Amino acid sequence: MKKVLALVLASLLTISLAGCNDSKTNTPADGSSGSTNETETVTISYYGEGDAPKIEARAKAIPLFEEATGIKVDVQAYNITELFEIIEVQIAAGEANVDVIDVDSPLVHAYHSRGYLIPLEEYFTEEEKKQFTEKALEAASVDGTLVAPPIDNSSQILYYNKDLLDLAGLEYPSADPADRITWEEVVDMAQKVMDAAEADGQEGVWGLTFEQISRPYQMLCLPLSLGGDDIGEDTSTVDGIWNTEPWYQAAQWYYDIHNTWNIAPRGDDQFTIRDLFASGKLAFMLAGNWMPGNLALADVTCNWGYAAHPYFEGGKAVTATGCWNIGVASTSKNPEAAAEFVKFMTIGEGNDFWHEDVKSLSARTAVLEEEAESPEFQEFPDSIQLLAADESVNTSVIRPLMVGYSEYQDVFTACWEDIRNGGDPVETIDTYTAELNSLLAKYAE
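For the sequence shown, the positions run -20 to -1, 1 to 425 when mature numbering (1 follows the signal peptide of the UniProt record, and there is no 0) is used.
And the structure:
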């Protein structure tokens, strides 16, 4: 078994997605600790995603960076939606207090085209760049130039509540990708769980939902599992892509789980959904492989397990993957200090804390090799990372790498939220196809 897992992670190395001195402070160039000859304190601001495990990882890592370099780091943490909005507003407005930002991987091209990021090619040697997996480096670069290196990678897992499945007399779904269940089976099991919970006098129990509800990161796998595509070859067209039978079928299923079968809640966001699962009120949740880190910090009352990502009967297995990247904002007045921090968080000791606390899939080849041989990763819940690695090798897709991804994401989310809240699937898909196609026209060559 260990040999198989080692081969999976070795394959991931090629298939998986993912200095200079400051004028005031002498800092090392390799992301490691170094001596400081400080004459004046430099402070950089870091606008990052605010999940609790990420906050904890930064709290451990940043003091080490500050002690080693003399550079101070002011962290501003926001939820994912707020972060996207703040970046768009402040950097577009030229706010000089933004030095470092977290970047969702499909936005690297968009932020580069808008001039939001400083290319980092001069701050990373070729050997340092080779520390990243091939696909993670590809997604972090534009035309071969490193723009925003990856801080981690990801895959998707089906989490389930063992107690609720036991109550309904159901077998646990398999964690073996070769024996994954279908979405049709998940719906049937979710209905049986809700019926059993009602008979048992339990209130507020739901059958199924997605952590990043209505967002393309997880939702794209639905039409893609049915044979659909995500974007036209020119990366500026969705007409003839979205308004097709695979999308209509996926949208109808999404409508049904919320409005016909009523097994999925409406109105919840990714944070209340996590709480719903942690409190034992949700049978199935599709979520990232980082979820054990969130559950470890939550008041978890449920007995949970995990399984391979479902697929549609007659379709194919498709799983989402993607990196969180980190880059230097074009508004930075201290780009060299900011680049030093980026290196510390991606190839330096800061990334070790990140990987340990966030429980994400690593974007570094050396870490993947170590995990393939580590007894720790044969045991629950860390064994989730080996399933994530397997999915990344065999079934993963990345979101479209396109200049207009911000528009793509916003329109996609609005479309699927409308369907979730009762909008006719076909009419809604057609309406938003036309809207997005019009917005993307400005990017057509």
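Virtual Cβ for every residue (Gly too), placed ideally from N, Cα, C. No experiment lies behind these values; they were computed from the predicted model shown.
Legend entry - alpha helix (DSSP H) runs contained entirely in the region 328 to 364, provided each spans 4 or more residues: 329 to 338, 345 to 353
Inset, instruction - Check whether the region 86 to 98 touches the region 126 to 146, counting contact only when three or more Cβ pairs, one atom from each stretch, lie closer than 8 Å. - result: yes
Legend entry - Completely contained alpha helix (DSSP H) runs for the region 219 to 251, where each covers 4 or more residues: 225 to 235
Inset, instruction - Using only alpha-carbon positions, find the residue among SER259, ASP248, GLU293, ARG254 that is nearest to GLY207. - result: Position 227 of the sequence shown holds residue 207. GLY207 has its Cα closest to that of GLU293, out of SER259, ASP248, GLU293, ARG254.
Inset, instruction - Could you have a look at LEU138 and say whether DSSP puts it in helix, strand or coil? - result: Counting from one through the sequence shown, the residue named residue 138 turns up at place 158. Residue state, collapsed to three classes: strand.
Inset, instruction - Note down, in chain order, each residue of its chain lying with its Cβ closer than 8 Å to the Cβ of GLY302, except the 5 sequence neighbours on either side. - result: Counted from its first residue, the sequence shown places residue 302 at position 322. Around GLY302: LEU(-4), ALA(-3), ASP84, SER85, PRO86, ALA119, ASN133, SER134, TYR197, ILE378, ARG379.
Inset, instruction - State yes or no: is the C-beta of ASN314 within less than 8 Å of the C-beta of ASP79? - result: As a first step, residue 314 must be located in the sequence shown, where it is residue number 334. As a first step, residue 79 must be located in the sequence shown, where it is residue number 99. Their beta carbons are under 8 Å apart, which means ASN314 touches ASP79 by this criterion.
Inset, instruction - Could you pull out every unbroken beta strand (DSSP E) segment of at least 3 residues lying fully inside the region 69 to 110, listed in chain order? - result: Within the region 69 to 110, the complete beta strand (DSSP E) runs of at least 3 residues fall at 80 to 84.
Legend entry - Residue range of the alpha helix (DSSP H) that includes ASP54: Here residue 54 is taken as the residue at index 74 of the sequence shown, counted from 1. ASP54 -> not in any alpha helix (DSSP H); beta strand (DSSP E) instead, spanning 51 to 58.
Legend entry - Nearest residue (CA-CA) to TRP396, options THR299, TYR103, ALA176, ASP236: Position 416 of the sequence shown, counted from the first residue, corresponds to residue 396. Nearest option by C-alpha distance: ASP236.
Legend entry - Contact set for SER3: own chain, Cβ-Cβ below 6 Å, skip 5 residues either direction: Residue 3 sits at position 23 when you count from the first residue of the sequence shown. Because the pLDDT at SER3 is just 33, under 50, the model does not fix this residue reliably, and the point stays unresolved.
Inset, instruction - Can you grab the Cα-Cα spacing for the pair VAL320 / TYR103, in whole Å? - result: Here the question's residue 320 lines up with position 340 in the sequence shown. Here the question's residue 103 lines up with position 123 in the sequence shown. With the sequence shown as reference, residue 320 is identified as Glu, and Val is not the correct amino acid for it. Answer to the nearest angstrom: the Cα atoms are 8 Å apart.
Legend entry - Own chain residues within Cβ distance below 6 Å of ALA346, not counting five before or after: Residue mapping note: residue 346 aligns to position 366 of the sequence shown, counting from 1. Hits under 6 Å: none found.
Inset, instruction - Could you pull the start and end residues of the beta strand (DSSP E) that LEU306 belongs to? - result: Translated into the one-based positions of the sequence shown, residue 306 becomes position 326. It should be noted that the sequence gives Ile, not Leu, for residue 306. Its beta strand (DSSP E) spans residues 304 to 308.
Legend entry - Alpha-carbon spacing of MET382 relative to VAL122, whole angstroms: Walking along the sequence shown from the start, residue 382 turns up at place 402. Walking along the sequence shown from the start, residue 122 turns up at place 142. Approximately 10 Å, taken between the alpha carbons.
Inset, instruction - Go ahead and label PRO203 buried or exposed: buried means 16 or more other beta carbons lie within 10 angstroms of its beta carbon, across all protein chains shown. - result: As a working mapping, residue 203 is identified with position 223 in the sequence shown. PRO203 is classed as buried because its beta carbon has at least 16 other beta carbons within 10 Å across all chains shown.
Inset, instruction - Tell whether a beta-carbon distance below 8 Å holds between ILE71 and THR217. - result: Mapped onto the sequence shown, residue 71 falls at position 91. Mapped onto the sequence shown, residue 217 falls at position 237. No, these two residues do not count as a Cβ contact at 8 Å.
Inset, instruction - With THR411 as the anchor, note down where its alpha helix (DSSP H) starts and where it stops. - result: For this step, residue 411 is matched to residue 431 along the sequence shown. Segment 405 to 420, the alpha helix (DSSP H) holding THR411.
Inset, instruction - Give a yes or no on whether the C-beta atoms belonging to PRO245 and THR281 are separated by under 8 Å. - result: The residue you call residue 245 lines up with position 265 of the sequence shown. The residue you call residue 281 lines up with position 301 of the sequence shown. Against a cut-off of 8 Å, the Cβ pair of THR281 and PRO245 comes out as no contact.
Inset, instruction - Please list, in chain order, all residues of the same chain as residue 428 whose beta carbon is under 6 Å from its beta carbon, the five residues on each side excluded. - result: Residue 428 is absent from the structure shown; the chain starts at -20 and stops at 425.
Legend entry - Pair within 8 Å by beta-carbon distance, VAL322 and VAL308: For the purposes of this step, residue 322 is taken as the residue at position 342 of the sequence shown. For the purposes of this step, residue 308 is taken as the residue at position 328 of the sequence shown. Yes. Within cutoff.
Inset, instruction - Please go through the same chain and pick out, in chain order, the residues whose beta-carbon is closer than 7 Å to the beta-carbon of GLN232, but skip the five residues on each side of it. - result: Translated into positions along the sequence shown, residue 232 becomes position 252. Excluding sequence neighbours, GLN232 sits near PRO405.
Legend entry - Cβ of VAL383 within 8 Å of any chain C Cβ: Annotation note: the requested chain C is absent from the structure, which comprises a single protein chain.
Legend entry - Proximity below 8 Å, CB of LEU150 to CB of LYS172: As a working note, residue 150 is residue 170 in the sequence shown. As a working note, residue 172 is residue 192 in the sequence shown. Less than 8 Å divides the Cβ of LEU150 from the Cβ of LYS172.
Inset, instruction - Could you tell me the distance, in whole angstroms, from the CA atom of GLY187 to the CA atom of LYS296? - result: By one-based count along the sequence shown, residue 187 stands at place 207. By one-based count along the sequence shown, residue 296 stands at place 316. Their backbone Cα atoms lie some 23 Å apart in a straight line.
Inset, instruction - Please state if the CB of GLU191 and the CB of residue 426 are separated by a distance shorter than 8 Å. - result: Not covered by the structure: residue 426. The range shown for the chain is -20 to 425.
Legend entry - Burial state of residue 457 (16 or more Cβ within 10 Å): Because the chain spans -20 through 425 in this model, residue 457 falls outside it and cannot be assessed.
Inset, instruction - Use the C-beta contact count for THR408: other C-beta atoms within 10 angstroms, 16 or more gives buried, fewer gives exposed. - result: The residue labelled residue 408 in the question sits at position 428 within the sequence shown. Around the CB of THR408, 16 or more other CB atoms lie within 10 Å, so the residue is classed as buried.
Legend entry - Cβ neighbour criterion (16 or more within 10 Å) applied to LEU416: Position 436 of the sequence shown holds residue 416. Answer is buried; the Cβ neighbour count reaches 16.
Inset, instruction - Spatial neighbours of GLY11 within its chain, please: CB distance less than 6 Å, with the 5 preceding and 5 following residues excluded, ordered by chain position. - result: The count along the sequence shown starts at 1 and reaches residue 11 at position 31. Only weak support exists for where GLY11 lies, its pLDDT of 44 falling under 50; the value from the coordinates is given anyway. LYS323, PHE324, ILE327, GLY328, listed in sequence order.
Inset, instruction - Return helix, strand or coil for PRO129, following the three-state DSSP convention. - result: In the sequence shown, counting from the first residue as 1, residue 129 sits at position 149. In the structure shown, PRO129 sits in coil (DSSP, three-state: anything other than H, G, I, E or B).
Inset, instruction - Give a yes or no on whether the C-beta atoms belonging to ASN283 and ASP143 are separated by under 8 Å. - result: By 1-based counting over the sequence shown, the position of residue 283 is 303. By 1-based counting over the sequence shown, the position of residue 143 is 163. Yes, the pair counts as a contact, with Cβ atoms nearer than the cut-off.
Legend entry - CB of TYR26 within 8 Å of CB of GLN56, strictly: Translated into positions along the sequence shown, residue 26 becomes position 46. Translated into positions along the sequence shown, residue 56 becomes position 76. In this structure, the beta-carbon distance from TYR26 to GLN56 falls below 8 Å.
Inset, instruction - Note down the Cα distance separating TYR423 from LEU348, rounded to an integer number of angstroms. - result: What you label residue 423 is simply residue 443 of the sequence shown in a count that begins at 1. What you label residue 348 is simply residue 368 of the sequence shown in a count that begins at 1. Using only the alpha carbons, I get a separation of about 37 Å.
Legend entry - Under 8 Å between C-beta atoms of PHE137 and TYR286: As a working note, residue 137 is residue 157 in the sequence shown. As a working note, residue 286 is residue 306 in the sequence shown. The identity of residue 137 in the sequence shown is Ile, whereas the question assumes Phe. In contact: ILE137 and TYR286 (Cβ atoms closer than 8 Å).
Legend entry - Cβ neighbours of TYR58 in the same chain (closer than 8 Å, five flanking residues each side left out): Position 78 of the sequence shown, counting from 1, holds the residue named residue 58. Cβ neighbours of TYR58 beyond the five flanking positions: TYR27, GLY28, GLU29, GLY30, ILE66.
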